[in-house]
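Let me begin by presenting the structure, written as structure tokens, before commenting on it.
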Amino acid sequence: MSTFSIDRFAAECKQAMAGAPNACDAARQYLEQSLGQHDRADIIAVLEAAIPAGASVGEMIVHQSPELTMLYARVPGRFRSGIHNHTVFACIAQLEGEERSTVYAQSDEGLRVREELGVVAGEVMELPADAIHHIENPLEQTSSALHIYGGDFGALMAKRSLWTEGEHAEVPFSFEGLVKQAAIAMKREGNAKGLEEMVNAIPATKALVDSL
Ligand SMILES: [Fe+2]
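Here it is in structure tokens:
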């Protein structure tokens with residue numbers, strides 16, 4: 232097995248997307264091929280080494296270009312995110328542990344759950360550009376995944392939305408807002424472990440969690 236390279240992955244993935252009728256399918260296939268060619272532990276080691284200095288959990292972007300963002304997602308045990316969109320396709324390659332995704336549909340009465348998806352280590356899951364979802368780590372241990380998105384996350388930030396818990400009001404996306412809605416959701420669900428692990432992973436969220 233060859234050593235995983237973020238630069239090579241980004242270049243080859245973009246090449247595959249550019250020549251394909253469906254960029255999402257092409258990216259998914261390239262991701263699956265890549266998972267088959269490298270040890271997951273090797274991919275994790277390369278991603279760990281590439282985490283930008285000072286990046287919080289959820290902000291570990293290891294490649295960013297107009298066509299592609301690569302995010303190393305380390306999801307704390309039992310963490311459940313706020314409801315959000317991406318506005319571009321997403322593919323999730325699970326490297327360690329599991330990730331569950333609850334996908335919502337928009338209706339006149341607000342959001343309703345459309346689909347529950349799951350991905351375990353060694354698998355790839357894709358979400359279309361119009362997907363609205365929240366993710367959850369069902370296990371007690373931190374999970375690791377390579378998330379890829381079909382656009383530049385920085386440029387897309389202003390186009391993205393979050394939905395509040397309970398009322399499902401659509402508001403502009405921010406990382407702080409995502410974490411706040413995550414905390415509200417976990418508190419409502421009595422998920423003390425998820426809250427504890429979020430504070431361990433993102434110490435700045437302690438005051439927020441204490442205030443709920
Ligand atoms: Fe997401």
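Residue numbers for the sequence shown follow the numbering used here, so the first one is 232 and each next one is one higher. Glycine included, C-beta positions come from ideal geometry on N, C-alpha and C. All of these numbers come straight from a predicted model, not from anything done at the bench.
Task: Contact belief for Ile366 with Glu330 at Cβ below 8 angstroms, rounded distance in angstroms - done: 6 angstroms
Task: Three-state class that DSSP yields for Glu398 in the structure shown - done: coil
Open item on the list: Is the separation between the beta-carbon of Thr436 and that of Val410 shorter than 9 angstroms?
Closed with: yes
- [ ] Within the same chain, show all residues whose beta-carbon is closer than 6 angstroms to that of Leu266, passing over the 5 residues directly before and after it, in chain order.
- [x] Ala324
Open item on the list: Quick check: is any heavy atom of ligand 1 less than 8 angstroms from the C-beta of Ser312?
Closed with: yes
Open item on the list: Between Ile366 and ligand 1, is there a pair consisting of the residue's CB and a ligand heavy atom that are separated by less than 8 angstroms?
Closed with: yes
Open item on the list: Helix, strand or coil, according to DSSP, for Gln412 in the structure here?
Closed with: helix
- [ ] Could you pull out every residue in the same chain whose Cβ sits closer than 8 angstroms to the Cβ of Leu443, ignoring the five residues on either side in sequence?
- [x] Ala414, Ile415, Lys418
TODO: Take Phe384 as the anchor and find which of Ala352, Asn316, Val344, Asp339 has the nearest alpha-carbon.
DONE: Asn316
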